[in-house]
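S.K.: Pasting a structure here, questions to come.
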Amino acid sequence: MTVFRIGEAAELLGVSTDTVRRWVDAGRLSATRDEPGHRVIDGVELARFVRAHADEPDGRSEESSARNRLRGIVTAVAKDTVMAQVDIQAGPFRVVSLMSREAVDELDLRVGSVAVAVIKSTTVVVERSAPGAAHRTRAGA
17 MTVFRIGEAA ELLGVSTDTV RRWVDAGRLS ATRDEPGHRV IDGVELARFV
67 RAHADEPDGR SEESSARNRL RGIVTAVAKD TVMAQVDIQA GPFRVVSLMS
117 REAVDELDLR VGSVAVAVIK STTVVVERSA PGAAHRTRAG A
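If you're matching positions, the sequence shown starts at 17 in the numbering used here and goes up one per residue.
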């Protein structure tokens, strides 16, 4: 079974290690200690916590069949006469959208604007991270 140290969980959640420690200390997120005595969080428990506390970035998911919504800041806009490319930085994720220039102008998308990338795809490629510090397995699991 995969377990994560406090710092690893914080990195995955996009919060500080102090925030994760406060959640554990308050009983909102359960943790145990590994053999060296470090607090670790079970991967299934971390997934449960994330799902229970997921925020909708714009509260509009009930208005659309798309569920993948990433709120971020527009970092680049490149327009030609017909098409445009808009880059959005949503936390650690860069999202690039190609759309009509008319749509960019109507939405008034500019560098520094806040935008929500709404993604609906029939194909999603999932990769496993390379084995490393963030993917520990308990002995015998």
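Positions of the beta carbon are idealized from the N, C-alpha and C atoms, including for glycine.
Keep in mind the model is a prediction, meaning the values are calculated, not measured.
Less than 6 Å between C-beta atoms, sequence neighbours within five positions excluded: which residues of the same chain meet that for ASP103?
M.R.: Excluding positions up to five away in sequence, the list reads THR91, ALA92, VAL112.
S.K.: Which ranges does the alpha helix (DSSP H) cover as unbroken runs of at least 4 residues, wholly within the segment 103-134, from first to last along the chain?
M.R.: Correct list: 117-123.
S.K.: Could you round the C-beta distance between ALA100 and MET115 to whole angstroms and report it? I think they count as a contact, below 8 Å.
M.R.: So it is a contact: roughly 6 Å between Cβ atoms.
S.K.: Does the separation of the CB atoms of VAL98 and ASP58 fall below 8 Å?
M.R.: Taking 8 Å as the Cβ cut-off, VAL98 and ASP58 do not qualify as a contacting pair.
S.K.: Return the residue from the list LEU45, VAL140, PRO108 that minimises the CA-CA distance to VAL66.
M.R.: It is LEU45 whose Cα lies nearest to the Cα of VAL66.
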